[in-house]
Amino acid sequence: MTHKKLFVPGPTEVREEILKAQAQWMIGHRSKEFGDLNHRCIEKTRQILKTKNYVFWWTASGTGLMEGAIRNVVRKKVLHTINGAFSDRWFKISQACGKEPGAVRVEWGKAVRPELVDAELAKGGYEAVTITQNETSTGVRAPIEELATMIREKYPDVLILVDAVSSLMGDWFDIDRLGLDVVVASSQKCVALPPGLAVAIVSPRAMEKCRTIPDRGYYFDYEAMLKRYEKDHQTPTTPAISLFWALDKELDYILAEGMEKRYQRHLEMAKFTREWAKKYFAVFPEPGYESVTLTTVTNTRGISVKDLNTALGERGMQISNGYGDLKEKTFRIAHMGDLTLNDMQEVTQAIVDILKL
Ligand SMILES: Cc1ncc(COP(=O)(O)O)c(C=O)c1O
Numbered sequence: 001m002t003h004k005k006l007f008v009p010g011p012t013e014v015r016e017e018i019l020k021a022q023a024q025w026m027i028g029h030r031s032k033e034f035g036d037l038n039h040r041c042i043e044k045t046r047q048i049l050k051t052k053n054y055v056f057w058w059t060a061s062g063t064g065l066m067e068g069a070i071r072n073v074v075r076k077k078v079l080h081t082i083n084g085a086f087s088d089r090w091f092k093i094s095q096a097c098g099k100e101p102g103a104v105r106v107e108w109g110k111a112v113r114p115e116l117v118d119a120e121l122a123k124g125g126y127e128a129v130t131i132t133q134n135e136t137s138t139g140v141r142a143p144i145e146e147l148a149t150m151i152r153e154k155y156p157d158v159l160i161l162v163d164a165v166s167s168l169m170g171d172w173f174d175i176d177r178l179g180l181d182v183v184v185a186s187s188q189k190c191v192a193l194p195p196g197l198a199v200a201i202v203s204p205r206a207m208e209k210c211r212t213i214p215d216r217g218y219y220f221d222y223e224a225m226l227k228r229y230e231k232d233h234q235t236p237t238t239p240a241i242s243l244f245w246a247l248d249k250e251l252d253y254i255l256a257e258g259m260e261k262r263y264q265r266h267l268e269m270a271k272f273t274r275e276w277a278k279k280y281f282a283v284f285p286e287p288g289y290e291s292v293t294l295t296t297v298t299n300t301r302g303i304s305v306k307d308l309n310t311a312l313g314e315r316g317m318q319i320s321n322g323y324g325d326l327k328e329k330t331f332r333i334a335h336m337g338d339l340t341l342n343d344m345q346e347v348t349q350a351i352v353d354i355l356k357l
């Protein structure tokens with residue numbers, strides 16, 4: 001199979017040495033070796049994210065942990081901030097789990113502001129709020145600092161649940177300082193691993209709350225995960241061991257780069273790609289709320305995004321069409337994980353050449 005460099009917002013490009021790290025001899029998941037491997041991955045993650053909270057790596061995709069967050073810490077009422085497909089998915093998950101979700105909705109491409117959330121929380125009864133830190137369907141970055149500050153000041157008992165699936169370890173926000181109770185992310189985005197693992201970062205009070213919820217399910221039970229971890233650093237069920245080998249190696253790479261530098265690299269790629277988009281097309285998200293990890297471009301020239309992607313494929317690259325109703329109206333260029341500014345220059349120049357701009 002020929003290699004196409006991935007500029008899609010997940011799965012992202014995985015470096016060859018990380019792909020190869022998966023190809024080690026299998027070990028038993030009840031071995032000390034696996035416990036040590038899991039423990040290393042957890043401690044390195046805490047170090048990278050500068051968090052004292054619990055960290056759990058699950059064998060699942062991010063959606064699993066979105067469901068897990070709802071089941072573990074919401075008894076009934078949860079408020080969802082919705083501005084795209086993934087934030088809407090979390091609302092549907094709450095419905096499917098038999099909860100009573102409320103919603104604050106804004107148009108796709110816009111960010112949900114603290115005033116709207118405040119007005120809804122003021123009605124009372126909510127146990128938690130969900131925030132999609134990086135809405136991948138539109139390329140909007142939530143004003144997480146402002147949202148979290150408002151919630152912490154005015155509604156200290158309300159838990160904050162964050163979907164950072166397409167931003168964690170690319171974009172930066174301080175989990176502990178903002179008092180975020182559950183943050184979830186997938187391996188196949190800014191962590192630059194193959195799909196198959198997902199991480200939940202859980203505050204002590206979210207852990208306390210989970211213990212009071214009797215029907216929190218089985219597979220994603222935080223308490224079961226913690227108990228097993230405290231016993232021998234293992235996981236309650238069989239993990240994707242090959243992916244843990246790759247994770248261990250990639251986390252070393254991220255630590256060596258340093259989170260601050262990694263964030264700066266993402267900012268630099270975002271700035272470059274956004275300027276390019278403004279020059280030849282337009283940028284879809286409202287100004288001031290553009291994602292750090294992907295750029296959603298408005299197709300002002302009415303090009304065929306499908307044909308563009310085919311032509312890019314012949315040059316060994318792939319971008320993403322718009323999501324859902326935004327298909328062909330927008331296209332998305334991801335700059336996440338281990339991609340560099342050179343990669344962004346390469347893909348944008350290829351688009352210019354193909355379209356003869
Ligand atoms: C913001 C966001 N949330 C949730 C998901 C779902 O994650 P997964 O596909 O790992 O289940 C995605 C996937 O693209 C996403 O971008």
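For what it's worth, the UniProt record's numbering labels the leading residue of the sequence shown as 1, then goes sequentially.
Don't be surprised by glycine CBs; every beta carbon is placed ideally from N, CA and C.
- For the 8 Å CB-CB criterion, Phe34 and Val347 do not form a contact.
- At least one heavy atom of ligand 1 sits closer than 7 Å to the Cβ of Gly62.
- Buried is the label assigned to Leu251, since at least 16 other Cβ atoms lie within 10 Å of its Cβ.
- In the DSSP annotation of this structure, Gly170 is not part of any beta strand (DSSP E), being labelled neither H nor E.
- A heavy atom of ligand 1 is found nearer than 7 Å to the CB of Ser186.
- Taking C-beta separations shorter than 6 Å and ignoring five residues to either side along the sequence, the partners of Glu268 in its chain run Leu341, following chain order.
- Between Ala148 and Gly179, the CB-CB gap stays under 8 Å.
- Here Cys97 has Glu67, Ile70 and Arg71 as same chain residues with Cβ atoms under 7 Å from its own Cβ, once five neighbours each way along the sequence are excluded.
- Distances from the CB of Glu135 to the heavy atoms of ligand 1 include at least one below 7 Å.
- At least one heavy atom of ligand 1 is found less than 7 Å from the C-beta of Ala198.
- For Ser87, the three-state secondary structure derived from DSSP is helix.
- Counting only the Cα atoms, Arg301 lies some 43 Å from Thr45.
- Contact annotation, Ser291 with Arg105: C-beta distance approximately 19 Å; criterion of less than 8 Å not satisfied.
- Between Gly84 and Glu115, the gap from beta carbon to beta carbon reaches 8 Å or more.
- When C-alpha distances from Ala334 are compared across Ala270, Tyr280 and Glu286, the shortest belongs to Ala270.
- With respect to the C-alpha of Gly170, the residue from Leu159, Ile160 and Gln188 having the closest C-alpha is Gln188.
- His80: member of the beta strand (DSSP E) spanning Lys77 to Ile82, first to last residue.
- Of all alpha-carbon atoms in Thr2, Val305, Leu357 and His233, the one lying nearest the alpha-carbon of Ser31 is that of His233.
- Between ligand 1 and Gly10, a heavy atom-to-CB distance of less than 7 Å is present.
- A straight-line Cα-Cα distance of about 16 Å links Ala60 and His29.
- Annotated three-state conformation of Lys5 is strand, per DSSP.
- For Gly125, no alpha helix (DSSP H) run applies, since DSSP gives it neither H nor E.
- Here the region 240 to 251 does not lie against the region 317 to 326, with fewer than 3 beta-carbon pairs under 8 Å apart.
- The count of Cβ pairs closer than 8 Å, one atom from the region 223 to 242 and one from the region 207 to 214, reaches three, so the stretches are in contact.
- In the structure shown, Leu357 adopts coil according to DSSP, grouped into three states.
- Within 7 Å of the C-beta of Thr132 there is at least one heavy atom belonging to ligand 1.
- Distances from the CB of Val165 to the heavy atoms of ligand 1 include at least one below 7 Å.
- Every beta strand (DSSP E) of 3 residues or more that sits fully in the region 131 to 211 is shown, in chain order, as 159 to 163, 182 to 186 and 197 to 202.
- When rounded, the separation of the alpha-carbon atoms in Gln349 and Val297 is 15 Å.
- By the criterion of at least three beta-carbon pairs nearer than 8 Å, the region 117 to 128 is not in contact with the region 87 to 96.
- Taking C-alpha positions only, Arg75 is separated from Ala256 by approximately 41 Å.
- Of the candidates Thr2, Ser242, Leu312 and Asp163, the residue whose Cα lies closest to the Cα of Phe86 is Asp163.
- Comparing alpha carbon positions, the residue from Gln24, Gly139, Arg315 and Asp181 closest to Ile151 is Asp181.
- It is roughly 28 Å from the alpha-carbon of Ala200 to the alpha-carbon of Gly288.
- Closest in C-alpha terms to Pro143, from the list Asp353, Ala311 and Glu286, comes Glu286.
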